[in-house]
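Count the sequence shown with the numbering used here and you get residues 14 to 67, in order.
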Amino acid sequence: METRISRQRDDIILKATAEAFRGQTLEAIGLDVPPIVDMLPTVLPTAEVKEERV
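Put into structure tokens, the structure is as follows:
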């Protein structure tokens with residue numbers, strides 16, 4: 014049986030990690046960064062633009 018891995022796997026992992034460590038530092042996994050305050054959406058809106066010239 015083949016295992017299917019999402020193309021957005023890195024994004025999924027980072028979102029889950031940020032949620033798990035909200036309000037804490039990431040020193041537990043070896044990163045020296047400020048505490049996580051909040052998560053921002055990473056799914057940006059898209060717009061389709063068509064140009065027509067006469």
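Virtual Cβ for every residue (Gly too), placed ideally from N, Cα, C.
- Taken through DSSP and simplified to helix, strand or coil, Ile-18 comes out as coil.
- For Arg-35, DSSP records a beta bridge to Ile-49.
- At a Cβ-Cβ threshold of 8 Å, Pro-54 and Gln-37 do not count as neighbours.
- For Glu-32, the closest alpha carbon among the candidates Met-52, Asp-24, Ser-19, Asp-45 is that of Met-52.
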